[in-house]
Amino acid sequence: MHSSVVRVQNVFGFFTTVCFAVAAFIALSDYYSPRTPSATLAVKDIQVVRGRPHYYSTKKEEYAHIRFSLSSDLSTLFTWNTKQVFVYVSASWPDASAPNKTAHVNEAVIWDTIITSPSADHLQNIGPAAMKKLLKSAKGNAIDPSRGKLELKNQKPKYQITAPSGNVANIENVVLKLHYNVQPWVGILTWTPQMDILRWKQVKGGVSKAFKLPAIKVKEEKKKAAK
């Protein structure tokens, strides 16, 4: 006869085994859900100025502001196991100081956002009015087809582009790219795939045309003084 303690341990061990098996099944089910994201990125306005890009900057340096337009459909990233999706846009350009410019690139994030699934709206740190609107749009569904559809026109960047050298003017072959990170309820974090993996496809589009950062924008007062 087993003691009560041994029986409790056996029941608890069986319970944890079942929970682990169910969690593994849920995590693996994501790989059978198709992911076919698509996006279009376009640059609208570019400015390069000299100053302190952050309030804590100790010296002046060149930094760039890039406005952009984004039209994306990331709705296929939302399944019953999706908690939230972290979406961000980065600017990348070849590293001129590297021997192999195609393999070494600089990259800086200029904008990001978090899109929660209806089942995770309560985790949003937003006001009551916005929360009420979110809950009303979700209507208690685990999956909302409209989630992940972004339409941004002439969007301001959240972050400026800087470089370790302090110089970003006249940089060529700069492109904007859309990235995402899917955070599931159960399983591992998944990032933007660089190749097709089973039913998961790469982002269709999601890369802007190459452009050049302009020269430093001179203030009108300095122009007048020069005259």
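Residue numbering for the sequence shown follows this note's numbering, starting at 171 and increasing by one per position. Glycine included, each C-beta is placed from N, C-alpha and C at the ideal position.
{"Check": "Cut-off 7 Å between Cβ atoms - residues of its own chain near E391, not counting five sequence neighbours on either side", "Outcome": "Since pLDDT at E391 reaches only 43, below the 50 mark, its modelled position is unreliable, and the value read off the structure follows with that caveat. Nothing listed; no residue qualifies."}
{"Check": "Between the CA atoms of T210 and A339 - distance to the nearest angstrom", "Outcome": "26 Å"}
{"Check": "Beta-bridge partners of L346, as assigned by DSSP", "Outcome": "A261"}
{"Check": "Spatial neighbours of K394 in its chain, beta-carbon cut-off 7 Å, leaving aside the 5 residues before and after", "Outcome": "Caution applies to K394, whose pLDDT of 49 falls short of 50 and renders its modelled position unreliable; the value that the coordinates give is listed next. Within the same chain, K394 has no close Cβ partners at all."}
{"Check": "Inter-stretch contact (C-beta, 8 Å, three-pair minimum) for the segment 183-192 and the segment 223-237", "Outcome": "no"}
{"Check": "Three-state class that DSSP yields for L320 in the structure shown", "Outcome": "strand"}
{"Check": "Per-residue DSSP class, three states only, for D215", "Outcome": "strand"}
{"Check": "V175 - containing alpha helix (DSSP H), residue span", "Outcome": "174-199"}
{"Check": "Residue from K371, I367, Y350, I341 whose Cα sits closest to the Cα of F381", "Outcome": "I341"}
{"Check": "Close Cβ partners of G193 (< 6 Å) along its chain, the five nearest in sequence each way excluded", "Outcome": "First, the residue type needs correcting, since residue 193 is Ala and not Gly in the sequence shown. Cβ within range, chain order: V356."}
{"Check": "Per-residue burial, W263 [other beta carbons within 10 Å of its own, 16 or more giving buried]", "Outcome": "buried"}
{"Check": "Top-ranked residue by Cα proximity to Y350, from I367, V373, V344, M365", "Outcome": "V373"}
{"Check": "Nearest-angstrom Cα separation, counted from Q330 out to V259", "Outcome": "12 Å"}
{"Check": "Identity of the residue in Y233, P363, A385, G376 nearest R205 by Cα", "Outcome": "P363"}
{"Check": "Selection from Y233, P288, F195 that minimises the alpha carbon distance to A261", "Outcome": "Y233"}
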